[in-house]
Structures are given as structure tokens and as C-alpha cells.
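What follows is a set of notes on a single structure, which appears directly below.
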Amino acid sequence: GGPAPERPRAGGGAAPPPRPPPAMPDRPLPFDQPVFVTRPLLPPLEGFVGRLRDVWSSGWLANGGAQHQALERALSEHLRCAHLSLFNNGTIGLIVACQAVRLSGEVITTPFSFPATPHVLSWNNVTPVFADVEPGTMNLDPAAIEPLITARTTGILGVHVYGTPCQVDAIDEIARFYGLKVIYDAAHAFGAEIDGRPIGSFGDATMFSFHATKLFHTAEGGALAVNDPDLKRRIDLLKNFGIRDEEHVVMPGINGKMSELSAALGLEVLKLVDAERTRRAHIARLYAQRLAAHAGVSLLRPPANVRDSLQYFVVRIDASRTGVSRDLLHARLREFNIVTRKYFYPLCSRYSCYRHLPSAQPANLPVATRIASEVLCLPFHGGLSDDAVHRICDAIDHAIAG
Ligand code: T4K
2 GGPAPERPRA
12 GGGAAPPPRP
22 PPAMPDRPLP
32 FDQPVFVTRP
42 LLPPLEGFVG
52 RLRDVWSSGW
62 LANGGAQHQA
72 LERALSEHLR
82 CAHLSLFNNG
92 TIGLIVACQA
102 VRLSGEVITT
112 PFSFPATPHV
122 LSWNNVTPVF
132 ADVEPGTMNL
142 DPAAIEPLIT
152 ARTTGILGVH
162 VYGTPCQVDA
172 IDEIARFYGL
182 KVIYDAAHAF
192 GAEIDGRPIG
202 SFGDATMFSF
212 HATKLFHTAE
222 GGALAVNDPD
232 LKRRIDLLKN
242 FGIRDEEHVV
252 MPGINGKMSE
262 LSAALGLEVL
272 KLVDAERTRR
282 AHIARLYAQR
292 LAAHAGVSLL
302 RPPANVRDSL
312 QYFVVRIDAS
322 RTGVSRDLLH
332 ARLREFNIVT
342 RKYFYPLCSR
352 YSCYRHLPSA
362 QPANLPVATR
372 IASEVLCLPF
382 HGGLSDDAVH
392 RICDAIDHAI
402 AG
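Each residue of the sequence shown is one higher than the one before, counting from 2 in the working numbering.
As C-alpha cells, this is what we get:
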């Protein structure tokens, strides 16, 4: 440290002395193995094998066997859902939800999501209509919904993105007034609550994803939660080809059934969820402490009345303050073997299959467009040691300073 000693300048003019270079942290060592944005919870193999023995001796591998029934019950309790139906993945669950509430014409949705969200509308012959998001929650902005409602609008498909709940009361009010159905994509929101009310209790139907990348998972899987018992019956028919009994097929259903192997895995993973949440909450606090040093790095924190799903750890990069764009930070972290993800860039409205839609024009989606260029998901799962989190933060310090 210290200022560089003054040297005589060629020409001897009155120019100020050269400034010392900014302090540069030592370049941290890259990780030997890639550090991914997430890793699946893997329960002790013995417990899973024990369940597989039961499955083997039952000779029952699919179609609502004992593991499926046990997991459906356990999750209804855990998520405090009135009615829950398991699925082979979240996307098929959402497709079925659209069928079950009979969406048609146009449905208003967010562009800031995973491709599955608008695609389930396309698979139902419904046109997605993209509405802008709020800067805080990054979810559908209720004020942007109303101007997009037409005679063809039948519903709203909201996403609790990163597990932060949508403004469910405002959305509900719009839906009631215009007679619209509401479906929530809660792929990221397992265990989230608003004022102590479980996230699966809002709207007509809520989808959860149990993909391997989710805190609770069944390798591949998902579920629909609903309040209306008739809707639950319709969903269960739709996920099993519409078969009511051996001689009656009552609607054009699909195969959305979760296998016994996935359900068995889910029952073992569910035992670890509380401990995983505790570990992730600790990691989130560590990140928050370290990243507070960077004025241009802001964190997405759930509002005080919300129980966090702890699914992703998301930062927003204000390049005018960090001097480093989100894309450059993403690339620099790769040099340290840290694999961050730009969920959800590009916006769904930029996909070649949707960009022609009038609602997809960037001028209609200014907040979503800006956010999609600023967000970055950092590695976040219970398997990260404190030391690993510090090393990731060292690499971020270095990437921003350099
Ligand atoms: N709606 C929303 C808002 C969603 O985010 C999603 C899914 C859905 C609907 C649809 O639900 P599902 O039909 O999938 O149930 C991953 C997941 O595959 C996807 O489920 C998830 N959202 C999305 C946000 O993330 P990719 O394409 O980013 O996955 P991939 O293969 O790049 O994996 C991410 C990282 O996870 C890898 O870099 C390493 C780690 N990983 C992944 C797998 C599969 C593991 O460590 N082990 C693994 O087995 O989509």
C-alpha cells in the first residue's frame, strides 16, 4: 500500500502524480470440481433401498401404489393442502391444471419464468399474453394485468418466481371481477407461506415441481394442489387417461402418473427437508454478510410476512455501480469453476415461438427486460461448506475488482 513515490515527469510539467493502482485482492484459486447452482438432496441409500424392497415384494411399480399413496398423504400434510395430486413432472401437472379449469383463448402470464410456463398454454391451444412484472417481487404486476384483458381472456397464470409469492389478493380481486381462473406455478415455492397461509391454498390450482434441482424432489415429479374436491377428482381422471373404470373413459386425459420409484425416493427426501432448510438459511446469511460489501449487488429478500422457500439465492447486478455487467460476472466466475445461472434470461417473450406476439414486444415489458439482464443465481444448496461459500464470495470480490 501507500501512495506511489512521486517520480519526476518527462517534460517537467505540473501534471498530478500518477494514482496508485486500486488494491487488488489476491486471485483466489479456482475450485477443482465445478460448483453448480444446485445439487439434489440425496438421502442415505439404505433407506431408499429398504423402500425399494417393499416395492419389489409388492410387484407394483406404478398407477397409484402404496408409495404413491403414502407420499400424497405426507405431502398434503407437509404443505397443508386441502387436496394434492402427484404428477410425473411439474409441466404435465400444469398442462392438466389448464385442462381441468378449462382455459381457452388467451391467458395472461409473466415473461420472467422457465419455458414450461408459457409452453403449457401453447399445449392447451391457449395464447400466452405477457404482462410486465413488479421490480420488487419480479412477479406479475397486477396493474399490468387489467389492460391486457380481452373478450378472449379466460385466466391468469402467475409464477411465484424464486419462491417469492405473487400479490395473490390483488390477482384474486381482478380474477373475480372479470370471471377469470387463476393458476399458480409454484415450481420454486415448496414450503412458502404468506402470513402463515400455505402457498398451495391460493387460486384455483397450484403446481409444485419436484425435479432433482428442487429442494424437495422425487428426481422427476410434481404435484397440483387445489381447494375444490370436484376439481381434484377431475385432475385425477385427467392424469390417468380419463379412465373412470374398466369400461368408462370420460375425458381425453394424459399419462401424468408418478411412479412408485419416484414416490419412494420422495418419502426419503422429505425426511431431510427441514434440516436442508436450516442449512440453506445459514448459507443465505453468510452470502448476505459477505455481499453487503458490494453496493451494486442487491439481494432478493422475501417480504417480512413471507416464509422463504429457500430454493434459489438470487442477486441483482447494477453494472453502473459494480463496474461489471451480470454477463461478465457470470463469465468470470466460470473461470473459477463456479457455474452460476442466468435464470430467467432470456425472457420467455424473446423465444422464437413467442416473440411475434403483440404482448411480447420489449416496450410492453420494460421492468422484466431490465431484470432479466441483471439477475444471477449463485450456487445454493445444503452441500456447500461455509468455506466454499467464502471462496465463492472471494471470487465475486475478485471478479468485481478486476
Ligand atoms: N415452472 C417453473 C417456473 C420452473 O422453474 C420449472 C422448472 C417448471 C415450471 C417445470 O417443472 P418440471 O417439469 O421440471 O418439474 C432446471 C430444471 O430441470 C427445471 O425443473 C427447473 N424449473 C429449472 C429452473 O432448472 P435446467 O435446464 O436449468 O437444468 P440443468 O440440467 O441445467 O440443471 C441445473 C443444475 O443442477 C446443473 O448445472 C447441475 C445441477 N443438477 C441437475 C440435475 C438434473 C444436479 O446436480 N443433478 C441433477 O440430477 O432446468
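For every residue, glycine included, the Cβ atom is placed at its ideal position computed from N, Cα and C. All of these numbers come straight from a predicted model, not from anything done at the bench.
| Asked | Found |
| --- | --- |
| Measure the alpha-carbon distance for Val1 versus Tyr185 and round it to whole angstroms. | The question about residue 1 has no answer, for the chain in this structure spans 2 to 403. |
| With a CB to CB cut of under 6 angstroms and the five nearest residues on each side skipped, what residues in its chain are close to Val227? | His84, Ala206 and Lys233 |
| Could you name the residues of the same chain whose beta carbon sits closer than 6 angstroms to that of Ala373, not counting the 5 residues immediately before and after it, in chain order? | Tyr346 and Leu348 |
| Cβ of Arg40 within 7 angstroms of any heavy atom in ligand 1? | yes |
| How big is the Cα-Cα spacing for Gly383 and Ile393? | 15 angstroms |
| Under three-state DSSP, which class holds Lys343? | coil |
| On a Cα-Cα basis, can you pick out the residue from Glu135, His79, Leu225 and Pro199 that is closest to Ser210? | Leu225 |
| Please list the terminal residues of the continuous alpha helix (DSSP H) segment that includes Phe178. | Val169 to Tyr179 |
| Tell me whether Leu330 is buried or exposed, calling it buried when 16 or more other Cβ atoms sit within 10 Å of its Cβ. | buried |
| Check whether the Cβ atoms of Arg52 and Gln70 lie closer than 8 angstroms to each other. | no |
| Applying the 10 Å Cβ sphere with the 16-neighbour rule, what's the burial state of Asn256? | exposed |
| Is any non-hydrogen atom of ligand 1 found closer than 7 angstroms to the C-beta of Ser350, if you look at the structure I gave you? | no |
| Which stretch, first to last residue, makes up the alpha helix (DSSP H) that contains Pro367? | Pro367 to Ala373 |
| Among residues of its own chain, excluding the 5 on either side of Ala145, which ones have a beta-carbon nearer than 6 angstroms to its beta-carbon? | Ala132 and Asp133 |
| I'd like to confirm something about Thr207: is its beta-carbon nearer than 7 angstroms to some heavy atom of ligand 1, or not? | no |
| Quick one: Cα of Leu301 to Cα of Val316, how far? | 6 angstroms |
| Is Phe217 near Leu271, with beta carbons less than 8 angstroms apart? | yes |
| Rounded to the nearest angstrom, what separates His189 and Asp395 at their Cα positions? | 28 angstroms |
| Do Val169 and Ala176 have their C-beta atoms within less than 8 angstroms of each other? | no |
| Check the C-beta distance from Ile109 over to Val130 and give it rounded, since I have them as a contact under 8 angstroms. | 5 angstroms |
| Could you tell me which uninterrupted beta strand (DSSP E) segments, each at least 3 residues in length, are contained entirely in the region 68-123, listed from first to last along the chain? | 84-88 and 107-110 |
| Could you tell me which of Arg327, Pro367 and Pro29 sits nearest to Glu375, measuring between CA atoms? | Arg327 |
| If we count Cβ pairs, one from each stretch, closer than 8 angstroms, do we get three or more for the region 276-293 versus the region 259-267? | no |
| Any idea which residues DSSP pairs Ser321 with across the strands? | Ser321 pairs with nothing; no bridge assigned. |
| Following a CB-centred definition, is His189 positioned closer than 7 angstroms to any heavy atom of ligand 1? | yes |
| Enumerate in chain order the residues of its own chain whose CB-to-CB distance from Arg153 is below 7 angstroms, with the five nearest sequence positions on each side excluded. | Gly106 and Glu107 |
| If you reduce the DSSP assignment to three classes, tell me which class Gly201 lands in. | helix |
| Nearest to Asn89 by alpha carbon, out of Lys258, Asp246, Asp142 and Cys167? | Lys258 |
| As an exercise, report each continuous alpha helix (DSSP H) stretch of at least 4 residues that is fully enclosed by the region 226-297, in chain order. | 230-239, 261-271 and 274-292 |
| May I ask you to list the residues that DSSP assigns as paired with Asp186? | Val160 and Met208 |
| In the DSSP output, which residue or residues are listed as bridge partners for Ala224? | Leu87 and Phe209 |
| Name the residue from Ala389, Pro199, Val325 and Ile157 whose alpha carbon lies nearest to the alpha carbon of Cys82. | Pro199 |
| Are the CB atoms of Lys215 and Phe191 nearer to each other than 8 angstroms? | yes |
| For ligand 1, I want to know if His212 counts as a neighbour, meaning its beta carbon is within less than 7 angstroms of at least one of the ligand's heavy atoms. | yes |
| Quick check on the DSSP output: the alpha helix (DSSP H) that includes Leu53 runs from which residue to which? | Leu46 to Ser59 |
| Between Pro166 and Val307, how many whole angstroms is the CB-CB distance? I'm expecting something under 8 angstroms. | 6 angstroms |
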